[in-house]
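2 protein chains.
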Amino acid sequence: MEYKKELQRLIAEFKTNYLSSVSIDLVIFGFHDGQLKVLLLRWKGTDDWCLPGGRILHEENLDEAAYRSLRERTGLSEIFLQQFHTFGDVMRYKNFSKQETLLKLGLPDEAQRELVSRDVSVGYYALVEFAEVTPTPDFFTEECRWWDVDQIPLLLFDHNDMITIALKTLRRQLSYQPIGYKLLPEKFTMPDLQQLYETILGQELDRRNFQKRMLGYNILERLEERKFGGAHKAPYLYRFDKEKYEKALANESLFVG
Amino acid sequence: MEYKKELQRLIAEFKTNYLSSVSIDLVIFGFHDGQLKVLLLRWKGTDDWCLPGGRILHEENLDEAAYRSLRERTGLSEIFLQQFHTFGDVMRYKNFSKQETLLKLGLPDEAQRELVSRDVSVGYYALVEFAEVTPTPDFFTEECRWWDVDQIPLLLFDHNDMITIALKTLRRQLSYQPIGYKLLPEKFTMPDLQQLYETILGQELDRRNFQKRMLGYNILERLEERKFGGAHKAPYLYRFDKEKYEKALANESLFVG
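Going line by line, the protein sequences match chains A and B. With the working numbering applied, the first sequence corresponds to residues 1326 to 1582, in that order. With the working numbering applied, the second sequence corresponds to residues 1326 to 1582, in that order.
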């Protein structure tokens, strides 16, 4: 079979070219229509979903490997990508038994040993512009698509935990770093920004406090234009002052309560 | 030589018992006399210092491996230990050339290949009670002692970066989780607690705001006793309400500005 041959070639390549015992998993968040979404892959011939992942080449920095994997799955190159936690339990097959998983994946013995052997996996999360992504499956999977963050199915490995911790980290990050650049169109209204924050935090925020806090960060530029077409008084349009935004990202103390 | 024999035995053990390509490094913070300190090790026969580290057994969870290494270097078992970042650059020998480092360590060829081959290293930081630690060198080192955090020398590998990022994480953590339990004696005054925070943050804090904020967290219990002996009015003694403290640790949203 073609599949089996290609698989054997891949396994040989894995052994030669990549670090053993350590891998990468990616929680890719996209924002669309007031909903936070995560990109998932479905394994060939199964109904089982998992996060996109990757391995690290011998002469490749860890961060570079993460960017490469993200590029391969989304087609995007300029993205916000951040390490959030490394997962190293011996038993990372929480939701299904390891045996069951292996059977489902239908891998030959050698592939099982190599691909489902124990890895310590470094988790990264990315924030991407939903509309710019071209979801692309890899060799092991036949479908790659967005799932609403509150409708994630039971995933392979410990990938549900990974999403939970990535989301917790993202929420925490809102308190000490700005977020929104690349997730919103270039020009947006204060209600657009508030909706993004509310979606990520999973809770409603007070409109006046939110506006006061955001303007206090001094990273927004108010434009002369307003957004027309809504039922209410046309709201002002804003855009991020990229220089100040980058500075605030670096100097995170700005955002500590 | 005994050393060489033992080294060869260790290398064989490494290959058989531990995951390859992935290791652990520990930034162990202690607080003493208004000074934040870090535990460092000096390599045998050199003036070169580095962080304590360890490897992961095949059947050992990553966190367990970190706790085991910490126990081996400090003698402590109940400790606050937290993963903060994983370091995966190809070139993790920032301060000295790799060649220079290998020469200094005086390792035989095989040991060089095994011990100084590329590892992705998971960084953990610990907060320990200074007085309870018994600093203990490992096989490769002959001295283990505390260094003031602002007087760290140029370290082997990327260990200066590790301390910098651990410290940044610890400072950030102050804004969303309580700190102090295990770092202060059971009973302490508000100025003691403030000194701990100021030491970690590296800046002075306003006394009244600090007290208001700490009491607002609702994790402190004010005792009937006061601390006598100082030049000023005897200050109240406090202790952490352990149950509320643990709850605040878990429910970190309490601490987000």
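Glycine is no exception: its CB is placed at the ideal position from the N, C-alpha and C atoms.
- Task: Kindly list the residues whose CB is nearer than 7 Å to the CB of A:R1496, restricted to its own chain and excluding five residues on each side of it in sequence; keep chain order.
- Result: The residues are I1525 and L1526.
- Task: Run the CB neighbour count on B:A1442, radius 10 Å, all protein chains shown included, and call it buried at 16 or more, exposed below.
- Result: A small fix is needed here, since residue 1442 of chain B is Ser in this sequence, not Ala. It is exposed - the Cβ of B:S1442 has fewer than 16 other Cβ atoms within 10 Å.
- Query: Any Cβ of chain B within less than 8 Å of the Cβ of A:Q1408?
  - Reply: yes
- Item | B:G1505: first and last residue of the uninterrupted beta strand (DSSP E) it sits in | Looking at the DSSP string, B:G1505 is not in any beta strand (DSSP E), and its letter there is neither H nor E.
- Query: Considering B:G1541, what are the terminal residues of the alpha helix (DSSP H) in which it resides?
  - Reply: R1532 to G1541
- Query: Just how far apart, CA to CA, sit A:K1493 and A:E1403?
  - Reply: Distance between the alpha carbons of A:K1493 and A:E1403 is about 24 Å.
- Task: Would you decide whether B:H1383 is buried or exposed? Buried here means 16 or more other CB atoms lie within 10 Å of its CB.
- Result: That one is exposed.
- Give me the Cβ distance between A:G1400 and A:T1341, rounded to the nearest whole Å; I'm assuming they're in contact under 8 Å. Not a contact, Cβ separation roughly 27 Å.
- Message: Does any residue of chain A have a CB that is nearer than 8 Å to the CB of B:R1533?
- Response: no
- Within chain A, the residues that B:V1352 reaches when beta carbons sit closer than 9 Å: The premise fails here: B:V1352 is roughly 15 Å from chain A at the closest Cβ pair, so nothing lies under 9 Å.
- Task: Assuming A:L1509 contacts A:Q1519 (C-beta within less than 8 Å), just tell me the rounded distance between them.
- Result: With a Cβ gap of about 11 Å, A:L1509 and A:Q1519 do not count as contacting.
- Query: According to the Cβ coordinates, are B:T1459 and B:K1369 closer than 8 Å?
  - Reply: Between B:T1459 and B:K1369, the C-beta spacing is not below 8 Å.
- Item | Residue closest to B:R1380, alpha-carbon to alpha-carbon, out of B:V1445, B:I1353, B:D1434 and B:D1473 | B:V1445
- Helix, strand or coil: which one does DSSP assign to A:H1383? coil
- Does the stretch 1529 to 1548 of chain A come close enough to the stretch 1480 to 1488 of chain A that 3 or more CB-CB pairs lie under 8 Å? no
- Using the C-alpha atoms, what's the distance from A:P1516 back to A:M1416? 44 Å
- Query: Interface residues of chain B around A:N1596 at Cβ under 8 Å?
  - Reply: No information on residue 1596 of chain A is available, as it lies outside the stretch 1326 to 1582 that chain A covers here.
- Task: Report yes if the CB atom of B:E1397 is closer than 8 Å to the CB atom of B:D1463, and no otherwise.
- Result: yes
- Item | Reduced DSSP category for A:A1559 - H, G, I as helix; E, B as strand; rest coil | coil
- Amino acids of chain B, ordered along the chain, whose beta-carbon sits closer than 9 Å to that of A:S1394: Those within 9 Å of A:S1394 in chain B number zero; the least Cβ separation is about 13 Å.
- Message: Going by C-alpha to C-alpha distance, which of B:L1376, B:G1541, B:Y1449 and B:Q1528 sits closest to B:H1410?
- Response: B:Y1449
- Item | chain A contact for B:I1381 (CB, 8 Å cutoff) | yes
- Message: For B:L1540, count the other beta carbons within 10 Å of its own beta carbon; 16 or more makes it buried, fewer makes it exposed. Which is it?
- Response: The C-beta of B:L1540 has fewer than 16 other C-beta atoms within 10 Å across all chains shown, which makes the residue exposed.
- What first and last residue would you give for the alpha helix (DSSP H) that runs through A:I1525? Where A:I1525 is concerned, the enclosing alpha helix (DSSP H) stretches over M1515 to L1526.
- Measuring only between beta-carbons, confirm whether B:N1342 sits less than 8 Å from chain A. For B:N1342, the answer is no, since every Cβ of chain A falls outside 8 Å of its Cβ.
- Query: Where do the ends of the alpha helix (DSSP H) carrying A:D1486 lie?
  - Reply: First-last of the alpha helix (DSSP H) with A:D1486: H1484 to Q1498.
- In chain A, what lies closer than 8 Å to B:N1386 by C-beta? G1413, D1414 and V1415
- Counting along the chain, where does the alpha helix (DSSP H) carrying B:K1339 start and finish? Just to set this straight, residue 1339 of chain B is Phe in the shown sequence, not Lys. E1327 to N1342 is the span of the alpha helix (DSSP H), which, as asked, contains B:F1339.
- Item | Proximal residues of chain A, C-beta to C-beta of B:V1474 below 7 Å | Correct list: empty, because the minimum Cβ distance to chain A is about 18 Å.
- Query: In its own chain, which residues sit with a C-beta less than 6 Å from the C-beta of B:K1512, not counting the 5 before and 5 after it?
  - Reply: Contacts found: L1562 and R1564.
- Query: Which residue spans inside the stretch 1436 to 1485 of chain B form an unbroken alpha helix (DSSP H) run of at least 4?
  - Reply: List check, alpha helix (DSSP H) in window: nothing returned.
- Query: Do you know how far the Cα of B:D1358 is from the Cα of B:L1332?
  - Reply: When only Cα atoms are considered, B:L1332 and B:D1358 end up about 39 Å apart.
- Nearest-angstrom beta carbon gap, B:I1477 and B:V1363 [assumed within contact, 8 Å]: 6 Å
- Query: Checking contacts by CB at 8 Å: is A:S1345 closer than that to chain B?
  - Reply: yes
- Item | Whole-angstrom C-beta distance between A:W1471 and A:V1378, which should lie under 8 Å | The residue you asked about is not Val; residue 1378 of chain A is Gly in the sequence shown. Not quite, the Cβ-Cβ distance comes to about 17 Å (not below 8 Å), so this is no contact.
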